[in-house]
Structures are given as C-alpha cells and as structure tokens.
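Student: Heads up, the sequence shown is in our numbering, so the first residue is 27 and it goes up one at a time.
This is the structure, below, for whatever I ask next.
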Amino acid sequence: MIGAVPLEELSYGFDLAGVDPGSLMDSLRAVTADLITDPARLTIWLTGLTVSQQTVGLNALRRLAGEHPEPVVSPAPDDKRFADQQWKSNPMLHAIVEDYLVRARALQEMVNSSRLPEAQKRKARFAAALLMDGLAPSNVPWLNPAVIREAETTSGESLIRGLENFLEDVKTNGGRPRQVDASGFVLGKNLAATPGRVIVRNELMELIAYEPQTSEVYAQPLLCSPPWINKYYIMDLAPGRSFVEWAVRGGFQTFMISYRDPDASMAHLTMDDYLRLGVLEAIDAVQRFTGAKKVNLAALCLGGTLALLALAHLAAIGDADRIGWATVTNTLVDFAEPGDLAVFTDDKAVEQLEKRMSERGYLEAQEMAGTFNWLRANDLVWSYVVSNWFMGRKPPAFDILAWNADSTRMPAAMHSQYLRACYQRNAIVKPGAFAVCGTPIDLGKVRTPLYVLGAENDHIAPWRAAYSTTQLVGGDAKFTLTSSGHIAGIVNPPDGQKARYWSKPQAKKGENADVWLSTATRHDGSWWQEWMAWAQQRSGPKRPAWKLPDGEPAPGKYVVDQTGPTFDLPSRPQRRSSARRSKENKHGG
Numbered sequence: 027m028i029g030a031v032p033l034e035e036l037s038y039g040f041d042l043a044g045v046d047p048g049s050l051m052d053s054l055r056a057v058t059a060d061l062i063t064d065p066a067r068l069t070i071w072l073t074g075l076t077v078s079q080q081t082v083g084l085n086a087l088r089r090l091a092g093e094h095p096e097p098v099v100s101p102a103p104d105d106k107r108f109a110d111q112q113w114k115s116n117p118m119l120h121a122i123v124e125d126y127l128v129r130a131r132a133l134q135e136m137v138n139s140s141r142l143p144e145a146q147k148r149k150a151r152f153a154a155a156l157l158m159d160g161l162a163p164s165n166v167p168w169l170n171p172a173v174i175r176e177a178e179t180t181s182g183e184s185l186i187r188g189l190e191n192f193l194e195d196v197k198t199n200g201g202r203p204r205q206v207d208a209s210g211f212v213l214g215k216n217l218a219a220t221p222g223r224v225i226v227r228n229e230l231m232e233l234i235a236y237e238p239q240t241s242e243v244y245a246q247p248l249l250c251s252p253p254w255i256n257k258y259y260i261m262d263l264a265p266g267r268s269f270v271e272w273a274v275r276g277g278f279q280t281f282m283i284s285y286r287d288p289d290a291s292m293a294h295l296t297m298d299d300y301l302r303l304g305v306l307e308a309i310d311a312v313q314r315f316t317g318a319k320k321v322n323l324a325a326l327c328l329g330g331t332l333a334l335l336a337l338a339h340l341a342a343i344g345d346a347d348r349i350g351w352a353t354v355t356n357t358l359v360d361f362a363e364p365g366d367l368a369v370f371t372d373d374k375a376v377e378q379l380e381k382r383m384s385e386r387g388y389l390e391a392q393e394m395a396g397t398f399n400w401l402r403a404n405d406l407v408w409s410y411v412v413s414n415w416f417m418g419r420k421p422p423a424f425d426i427l428a429w430n431a432d433s434t435r436m437p438a439a440m441h442s443q444y445l446r447a448c449y450q451r452n453a454i455v456k457p458g459a460f461a462v463c464g465t466p467i468d469l470g471k472v473r474t475p476l477y478v479l480g481a482e483n484d485h486i487a488p489w490r491a492a493y494s495t496t497q498l499v500g501g502d503a504k505f506t507l508t509s510s511g512h513i514a515g516i517v518n519p520p521d522g523q524k525a526r527y528w529s530k531p532q533a534k535k536g537e538n539a540d541v542w543l544s545t546a547t548r549h550d551g552s553w554w555q556e557w558m559a560w561a562q563q564r565s566g567p568k569r570p571a572w573k574l575p576d577g578e579p580a581p582g583k584y585v586v587d588q589t590g591p592t593f594d595l596p597s598r599p600q601r602r603s604s605a606r607r608s609k610e611n612k613h614g615g
C-alpha cells in the first residue's frame, strides 16, 4: 500500500496531517482481540502460519543438501533490504528472510480478515508494517551481509565511522539517523536561488518579487501560492530544477508568497488569516506595484486549496475579474477520497492532535517528522540506521530532501480547522457549507480558467481526487496528469529523461477521471512545457518588464530564520540608510 511512495512525499504528507502513533497501536490491539474472540478463524490462521513455518524449515534443510526449493514467500522485487545476493545464496540467511516474510504476511492476513471497520483496519495495517519493519533481519548488523562485508573491506573502520555518526546524531539530531547531508546547500545560491527581493512583509508572509530575465514580460504578472507546511522554495528548488526560474525565463513577471514559521503567538490564526494576510494581500500588492488589472496564480498543494478559496471568495464579492487564470498542482478541494492521510483524520486522532497543539499553540514540525519516520520505519529509520550507523556512510546530498527537512510549524487553530472542515466534513465542495473571510464558498461560481495538474503516483492528493476540481468549478478547466509523485510533480524540469504526461484540451463536465484518462494523449517530456504554452496564450500582450522597488534579497527573512536543518547562508548586503528604508516602507517594502 505504501511501499512505493517516495519518502519525501510521505514525510510531507504525514507532517500535513499530524499523525498520532497511539491510534495505530490501538487498532492493532483491536485486530488481535477480534481474532482471539473468533476461535474458528483463530484456528485457521494459526494452522496456516504453522504450516508455512514448517515449510520454511524443510526448505532450509533442502538448501543445505544442495537443492533449490521454491520459497514460501519471496521479497518484493523493489525491497532493497534483501538485495544483497547473500540473502539468497546462504541457506541460513535465506531461511531467516523466508521466515520473517512468512510472519509479516501472516500479520497482514490477520488484519485483513478482521471484522473491524475499514478505517480501523487501515490503521492496523500501518501498525503491522511498523512492527515488522523493526523486526527485519536486515536490521541486525551481525546478520546483514552488506554490513559484515563493509567492515571486512575497511578493516573495521566502517564500524568506527558508524559509531561517530551515531554519536553525532544523538548530539545534534535528537537521536535519529540523518536522512540528508545538507551541508553543501546554500540558500540563495543552490537552493531558492532565483534572483529576487522581498517587497512586502507582514506578520504572516513576505512577498518576493523575482528579477525579470527578459526585456519584455506578459501584461499579466504571475503570483505563486505555495503550501505552508514547508517553506516556499519547493517551487524554486535549485537552478535548472525550479518552476519559478522556468516561469521567469518564459517571460512572466513572477512573485512568490513566503510564509512565516508560526510560533505560539500565532496560535489563533485561521484559514481566514492565511487568505487575508497571504493570498489576498499578495494580490493587492502585485497589482499595486505593477498597475496590472489582472494577476495570474500558480499554486501547489495547500497553496492550491487556498488559491481556489480565494477564487471563490473573489467571485462571491464581485472581484473575479482581478484574476486572469489559475494553475493548481497536486491540490485537493474534494476530500471524499483523500488517500492514505484519511487513516489519521478520524475524530479520535484529531482530538488527540488538538490536545497536543493546545499545549504549545502550534503543531511542532520536528515532532511530526519524527512520528512519521517511525511510521515509515523501513525507509526513514532502518535504512539510515544500517547505512549511517552500521556501515559508517554519510546520507545523500539531495535537494528535495534538504527542502523537506526544512519544515515549518502549523498554527493550532488553522490546522484544526483544516482537518475538520476538509478531511472530516469535506465542506469546501458543498455550496455554502464553508465560509472564509465572511463569505460562504461556492466553487460552482468560479469561472476563472484553470490548469489543474495531478500526479500519477501522488498519495497525498490522489490524482482522481485532484481531477474532481475540474468538475466542481463553473468555468473551463484543463487537466494534465504527470507521471511523478506529489513532490516531484512540481520539480519536473524538461530535461528529465523519464518524464511523461497525459493531457487533452479540456476536461468535459460530467466526464469522470478514468474516462478522461482513456481519451487523453500521452506525451514524453515535462508538463512544464505544455503549461508554458497554455499560460502564455492567456496572459495578454508583451510589455517592458516592470521596475520594482528595492528590498532585501531573496529568499528573505522568513526562510533564513531557521527552524529546520542548518544551511549555509549567502552574505548579506550592507543595510540601507534610514532615508532609503523610509522611502521603501512607503511602497510596502
């Protein structure tokens, strides 16, 4: 169910929902109790497990005799834990793995056969996976052939390096093995590197204006609305891998919202505040600085949900013509089928989360990251335990993981409102059931042209659920499906060798997602190129690039005020004179 999901995507997703591990273990205990109270099913289950384990023992004896019996169960082809050939060629190791897989399968069968509600069974499946990940023989250093071979090859130096890594992680990383080496990343140089300046700052966000890289730009500027669960620069990740860079070089005068990392003083903020102080104030500022009558929006995940709320709000108050078009990528407004995160948003889980948040006023980013790591222990804990602590290796230097580790908190009131309104009540899709800034929302009144993107392997915003946006709005909407996952969907540069996407000119009303897919055309390459053509056609004539007021260089104060991993920071220019700062403040800088 979750084995193929990229680790950065699931880490992001569970940070988004706020997972409570206690409810998982309660579900697994409930499954066990259900089995014990059904003697017939218990007997069948125990008999099946016993026969399988006896077969494992017989297979071990046959392999010792030189035979090659068919295993009871084999590792999945993509299971990297047992990729080393010794797990197969050594009869003892082969038997240990086979027995482990038999027990893991039996535990999942026990969950699947229970009489509990499906939501509780889904939680129990996660708990079962957590338990069995920890018991994997690959996590035992004296059994793992890769660990033993590394120690022999390095004359034991790998074990010394591993101990050093362990002690360093205990000292500086809360006792968790590091997932990324962020030491080589420099904010403003090889992360969040597109040249720009901060031209607005309020208590919630900074507005970054990017330097034009063409002499002429389209008449309608572009405002980017990022999610606030992590920092904005997933949309400006790295040179050559930046959606913002692609837009700027394509002739768009581009702006970006950068949200502040909330603290206890912001506990009361709601989605109204994120709309009012975030998207709406940014639209006001872009129009004020450029004089443009229309602004276009490009949004991701939660930023896309907020952008669609903004469109509905503006439509309700008669200001819909302020927006030319909008792009929403990997975004949910219909939470009827929200994917794996639905497992952790029932009443009990949300109540427990609200209790934790009320103690501090926010959802702690690192707490949620640590919780999630144990939920995906095979990928996010044990693989790094083996590599970093047992084999003495350093974690990879990967830009997406560096960004992913740079997470932010969530204000208590806003996060509770989001979980209850969206995941529990699915209120946004019901006309008048959800109000923001005093305005009841009706997506059917949104007639702004939309470019909606879904990602084939997205487990946070499943693409069929993302597609439903095209059916909920009242205007024209184009849908494109990319081959990527939730995070890689936005980091999708045209030089990607394996990229592909499906598209058609328009999503027809009444056409479901599977019908759409059956009639869409597959293309090799990145959706960025198709998006650029779509956006340029709808953004007005060219005009000379706007000259914007001075400001602090991007990525800005709200990004470099660190709560996540420690990055190197570029040197700052000298502070401007008081007279110049006063002049800038008159322009909102």
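Just so it is clear, CB atoms sit at the ideal spot from N, CA and C, and this is done for glycine as well.
For the beta strand (DSSP E) holding Met282, just list the boundary residues, first then last.
Tutor: Counting along the chain, the beta strand (DSSP E) containing Met282 begins and ends at 280 to 285.
Student: Determine contact between the stretch 200 to 207 and the stretch 282 to 300, defined as no fewer than three beta-carbon pairs at a distance below 8 Å.
Tutor: Flag = no, the stretch 200 to 207 and the stretch 282 to 300 do not touch.
Student: Are there three or more Cβ pairs, one per stretch, closer than 8 Å when the stretch 266 to 279 is compared with the stretch 546 to 563?
Tutor: Yes, they touch.
Student: Looking only at its own chain, which residues have a Cβ that is under 6 Å from the Cβ of Ile309, when we skip the five neighbours before and after it?
Tutor: Taken in chain order, the residues that qualify are Val321.
Student: Have a look at Gly387, Glu482, Ser433, Leu427 and flag the residue whose alpha-carbon is nearest the alpha-carbon of Ser442.
Tutor: Per the Cα distances, Gly387.
Student: Tell me, to the nearest whole angstrom, how far the beta carbon of Arg107 is from that of Asn452; I am working on the premise that it is less than 8 Å.
Tutor: Rounded, the Cβ-Cβ distance is 38 Å, inconsistent with contact.
Student: Just mark Glu124 as buried or exposed, buried being the case when its beta carbon has 16 or more other beta carbons within 10 Å.
Tutor: That one is buried.
Student: Tell me the residue span of the alpha helix (DSSP H) that contains Leu427.
Tutor: Unbroken alpha helix (DSSP H) run through Leu427: 425 to 431.
Student: Using 8 Å for Cβ pairs, my map puts Ile283 next to Thr434. What's the rounded Cβ distance?
Tutor: With 8 Å as the limit, Ile283 and Thr434 do not qualify as a contact, their Cβ atoms being about 13 Å apart.
Student: Would you list the one or two residues that DSSP bridges to Asp550?
Tutor: Per DSSP, Arg526.
Student: Can you name the start and end residues of the beta strand (DSSP E) that Ile122 belongs to?
Tutor: First-last for Ile122: 117 to 138, but that is the alpha helix (DSSP H), not the beta strand (DSSP E).
Student: Among residues of its own chain, excluding the 5 on either side of Ala172, which ones have a beta-carbon nearer than 6 Å to its beta-carbon?
Tutor: Excluding positions up to five away in sequence, the list reads Asp110.
Student: Nearest CA to the CA of Ala264: which residue from Arg67, Lys215, Gly160?
Tutor: Among Arg67, Lys215, Gly160, the Cα nearest to that of Ala264 belongs to Lys215.
Student: Take the Cβ of Ser209 as the centre, count every other Cβ of all protein chains shown within 10 Å, and call the residue buried at 16 or more, exposed below.
Tutor: It is exposed - the Cβ of Ser209 has fewer than 16 other Cβ atoms within 10 Å.
Student: Once DSSP output is grouped into helix, strand and coil, what is the label at Leu479?
Tutor: Here Leu479 sits in strand by DSSP.
Student: Going along the chain, which residues of its own chain have a beta-carbon closer than 8 Å to the beta-carbon of Gln649, five neighbours each way excluded?
Tutor: Since the displayed the chain opens at 27 and closes at 615, residue 649 lies outside it and no answer follows.
Student: Roughly how many angstroms lie between the CA atoms of Gln497 and Lys535, to the nearest whole one?
Tutor: So the two alpha carbons sit approximately 6 Å from each other.
Student: Provide the residue span of the beta strand (DSSP E) that contains Trp254, from first to last.
Tutor: Where Trp254 is concerned, there is no enclosing beta strand (DSSP E), given that its DSSP letter is neither H nor E.
Student: To which residues of the same chain is Arg569 closer than 7 Å at the C-beta, ignoring the five residues directly before and after it?
Tutor: Excluding residues within five positions, the ones whose Cβ falls inside 7 Å are Glu242, Val243, Ala245.
Student: Can Phe489 and Tyr527 be called in contact, C-beta distance under 8 Å?
Tutor: It should be noted that the sequence gives Trp, not Phe, for residue 489. No, these two residues do not count as a Cβ contact at 8 Å.
Student: Can you name, in chain order, every residue of its own chain whose Cβ lies under 8 Å from the Cβ of Leu301, other than the five neighbours on each side?
Tutor: Taken in chain order, the residues that qualify are Leu332, Leu335, Ala336, His339, Val462, Cys463.
Student: With DSSP as the reference, label Leu326 as helix, strand or coil.
Tutor: It is a strand residue.
Student: Nearest-angstrom Cα distance between Gly344 and Val312?
Tutor: The straight-line gap from Cα to Cα measures roughly 19 Å.
Student: Could you check whether the Cβ of Asp104 sits closer than 7 Å to any heavy atom belonging to the ligand GDP?
Tutor: The ligand GDP is absent from the structure shown, which contains no ligand whatsoever.
Student: Applying the criterion that 16 or more other CB atoms from any shown protein chain within 10 Å of the CB defines a buried residue, is Ala362 buried or exposed?
Tutor: Per the 10 Å Cβ criterion, exposed.
Student: Kindly indicate which residue of Leu543, Trp429, Ala571, Asp64 has the alpha-carbon position closest to the one of Pro253.
Tutor: Minimum Cα distance to Pro253 is reached at Trp429.
Student: Is it the case that the Cβ atoms of Met231 and Leu326 are separated by a distance below 8 Å?
Tutor: No, they are not a contact pair.
Student: Decide yes or no for the touch test of the stretch 60 to 69 against the stretch 79 to 88: beta carbon pairs closer than 8 Å, at least 3 of them.
Tutor: Short answer: they don't touch.
Student: Ends of the alpha helix (DSSP H) at Pro65?
Tutor: From DSSP, the alpha helix (DSSP H) with Pro65 extends over 65 to 90.
Student: So, for Asn116: in the same chain, excluding its five sequence neighbours on each side, which residues have a beta-carbon less than 8 Å away from its beta-carbon?
Tutor: Cβ within range, chain order: Pro171.
Student: Could you pull the DSSP bridge partners for Leu389 from this structure?
Tutor: For Leu389, which the question treats as bridged, DSSP gives the partners Met436.
Student: Check whether the Cβ atoms of Thr508 and Asn518 sit closer than 8 Å, and answer yes or no.
Tutor: Yes. Within cutoff.
Student: Could you tell me which residues DSSP puts in a beta bridge with Ala235?
Tutor: Arg223, Phe281, per the DSSP bridge assignment.
Student: Does Arg286 pass the burial test, meaning 16 or more other C-beta atoms within 10 Å, or should it be called exposed?
Tutor: Buried is the call here.
Student: If you drop the 5 nearest sequence neighbours on each side, which residues of the same chain put their C-beta closer than 7 Å to that of Ala154?
Tutor: Cβ within range, chain order: Leu54, Leu133, Gln134, Val137.
Student: Considering just the uninterrupted stretch of the beta strand (DSSP E) at Thr353, what are its terminal residues?
Tutor: Looking at the DSSP string, the run of the beta strand (DSSP E) that includes Thr353 is 349 to 355.
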